[in-house]
Each structure stands twice: as structure tokens, then as C-alpha cells.
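Trainee:
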Amino acid sequence: MIRFEQVTKRYPDGTTAVSDLTFEVNEGELVTLVGPSGCGKTTTMKMVNRLIDPTAGRILVDGRDIMDGDPVELRRHMGYVIQNTGLFPHKTVLDNTATVPHLLGWPKTKRLARARELLDLVGLDPSVFGARYPDQLSGGQRQRVGVARALAADPPVLLMDEPFGAVDPVVRERLQTEFLKLQSDLRKTVLFVTHDIEEAVRLGDRMAVFGQGVIEQYAPPTEVLGAP
Ligand code: ADP
Ligand code: ADP
14 MIRFEQVTKR
24 YPDGTTAVSD
34 LTFEVNEGEL
44 VTLVGPSGCG
54 KTTTMKMVNR
64 LIDPTAGRIL
74 VDGRDIMDGD
84 PVELRRHMGY
94 VIQNTGLFPH
104 KTVLDNTATV
114 PHLLGWPKTK
124 RLARARELLD
134 LVGLDPSVFG
144 ARYPDQLSGG
154 QRQRVGVARA
164 LAADPPVLLM
174 DEPFGAVDPV
184 VRERLQTEFL
194 KLQSDLRKTV
204 LFVTHDIEEA
214 VRLGDRMAVF
224 GQGVIEQYAP
234 PTEVLGAP
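Numbering (this note's numbering), first residue to last: 14 to 241.
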């Protein structure tokens, strides 16, 4: 579904963030990108939806080189969830959740119905939370809205960059559990960036363990943990 072929990214200042990455993510698979800060995880993820373009190599999604298509079209196939969510502060939770359907021109009743459905799915009662603004939510609730928003147009791919990084450990564990449950139904193709090895083990079907700009191991968690 997503294939990296000898992908290198060098930033204009000369920093090589990743070099010669080759790996493949299967449809419906959740791959965690794990490693210390600065090893190239976010760069790798951002190349998938063309927030950043590679210096060399190519990336295929469904067999097509992503450089051949329209980046806006590409991004419609990919929900994006980041730490601190990037929710619009002046929009209600309901309108935030309906952002992508709005961009896609869905009629108002349809997109609001979809937003309510999604909020329910992530454990937020839309009649309680729908009319609130992001600053009237707890950190964990905001992250849930972030996930709901990413899922709104039912994209096959989810890109998640430290989505549960900004909440306390108890809330994080609850979000992980809920997300795993959601994923077992939805079977999205997921790239999930984290620096937390426990999170990577818990969530990943496979783990891409990064060293400085390279993937040192690419295997299911049991194998990564069992390695000498
Ligand atoms: P991670 O997500 O693992 O923390 P990043 O992909 O953000 O790592 O960064 C990888 C490397 O690229 C780091 O050395 C970082 O400083 C560098 N880097 C990231 N963004 C830029 C940029 N815009 N310009 C120059 N160097 C960058
Ligand atoms: P957490 O430990 O998950 O971060 P908080 O202590 O931030 O939780 O919030 C606890 C509860 O108070 C949550 O249910 C949240 O919806 C509610 N809450 C937080 N901030 C506000 C606010 N500004 N207005 C209304 N309700 C709020």
C-alpha cells in the first residue's frame, strides 16, 4: 500500500534527515516509527503526504509514485493527527470534526451527521461536546477530536505523529486502548510516530526502529523485543 524505495531527504542546510530508506506498509497494517528525537521519524511521515518531498528515491502509494499526482488529491486519502491536534480554536468541536467533509463540499446536514457519528466513535457524546470549543476540553478529549477529524472522510491511510504525546500517562493508556479497538474495526493503513518504545510495542503490527536517519529493525514487536 505504501512503499519507500531508497528514499533520502537532505534539507537545504545540508542536514541529511534520512538516507536510503526502503520499506513497505501493507494495507490495514499499523506500523510504528520509533526512535529517539531527531532520528528522522517525522521527516519520513511528512514525505508520505508531501508536506516534504524526498531528495532522492521514490514513494509509492497503491503502486503509484506520489510525485506524479496532485498533492491535494493525495492528502484526501490520508488523515493526519498530530500532537496538540492543531484544532481551530474558534470553531466548535462539531465544526472542527467536519473540517474535511466541509472542504470536500458535503452538504451541511450530511457533514454534521458524520461529525456526530465520529465523535460518538471516539467516545465523546456529541450532544455534550459538539458545541464546545477546543479550550473547553481536557487534553485527552482534544486528542480524541483530532482522531475524529482525521477519520471524518474515511481515508484509507492515517498518519499519526505523537498523537498521544501531550497527555498524562493514564490518559495516554486509555487513548491507546481505545485506538486499538477502533483500529481493529477500521483496519486503516497507519503510520504512527512515537518516541515511546512501550507505545510502539503496544500498538504496532510492525515496528520501524530508527537509528540516525536509517531503519535499524523492521519487524513485529515480539521479534524486536526478542532480538539479542
Ligand atoms: P524525529 O521526528 O525523529 O524527531 P525529524 O524528522 O524531525 O526527527 O528530524 C530529523 C533530522 O532532520 C534532525 O536532525 C532535525 O534536526 C533535522 N531537520 C528536521 N527538519 C528540518 C528542517 N526543516 N531543516 C533542517 N533540518 C531539519
Ligand atoms: P484531563 O485530566 O483529561 O486533562 P481536565 O482536568 O483538563 O482533564 O478536565 C476535566 C474535565 O473538565 C473534562 O471533562 C473537561 O471536559 C472539563 N473541562 C476542562 N476545561 C474546561 C473548560 N474550560 N470548560 C468546561 N469544561 C472544561
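Here a beta-carbon is modelled for each residue, glycine too, at the ideal position from N, C-alpha and C. What you are looking at is a predicted structure, and each value in this text was computed from that prediction instead of being measured.
Please specify which runs of the alpha helix (DSSP H), each continuous and at least 4 residues long, are wholly inside the segment 117-167, giving them in chain order.
Mentor: Runs of the alpha helix (DSSP H) inside the segment 117-167: 121-134, 139-142, 152-164.
Trainee: Are the beta-carbon atoms of Thr110 and Ala161 separated by less than 9 angstroms?
Mentor: Taking the sequence shown and counting its residues from 1, the one referred to as residue 110 is at position 97. Taking the sequence shown and counting its residues from 1, the one referred to as residue 161 is at position 148. Taking 9 angstroms as the Cβ cut-off, Thr110 and Ala161 qualify as a contacting pair.
Trainee: Near Leu164, which residues of its chain fall below 7 angstroms by C-beta distance, leaving aside the five closest residues on each side in sequence?
Mentor: As a working note, residue 164 is residue 151 in the sequence shown. Excluding sequence neighbours, Leu164 sits near Gly92, Leu131.
Trainee: Quick one: is Met56 buried, meaning 16 or more other Cβ sit within 10 Å of its Cβ, or exposed?
Mentor: The count along the sequence shown starts at 1 and reaches residue 56 at position 43. In the sequence as presented, Met is not what sits at residue 56; that position holds Thr. By the neighbour-count rule (16 or more Cβ atoms within 10 Å), Thr56 is buried.
Trainee: Are three or more beta carbon pairs between the segment 207-219 and the segment 41-49 nearer than 8 angstroms?
Mentor: Touching, yes.
Trainee: Quick one, which of Val158, Val94, Ala144, Gln149 has its alpha-carbon nearest Leu134's?
Mentor: The residue given as residue 134 occupies position 121 in the sequence shown. For Leu134, the nearest C-alpha among the options comes from Val158.
Trainee: Would you decide whether Glu236 is buried or exposed? Buried here means 16 or more other CB atoms lie within 10 Å of its CB.
Mentor: Reading the sequence shown from its first residue, position 223 is the one you call residue 236. That one is exposed.
Trainee: Where does Ala32 fall in DSSP's three states?
Mentor: Along the sequence shown, one-based indexing puts residue 32 at 19. For the sequence presented, residue 32 should be read as Ser rather than Ala. In the structure shown, Ser32 sits in a strand (DSSP, three-state: E or B).
Trainee: Grab the span of the beta strand (DSSP E) containing Phe223 for me, first residue to last.
Mentor: Here residue 223 refers to the residue found at position 210 of the sequence shown. Unbroken beta strand (DSSP E) run through Phe223: 219-224.
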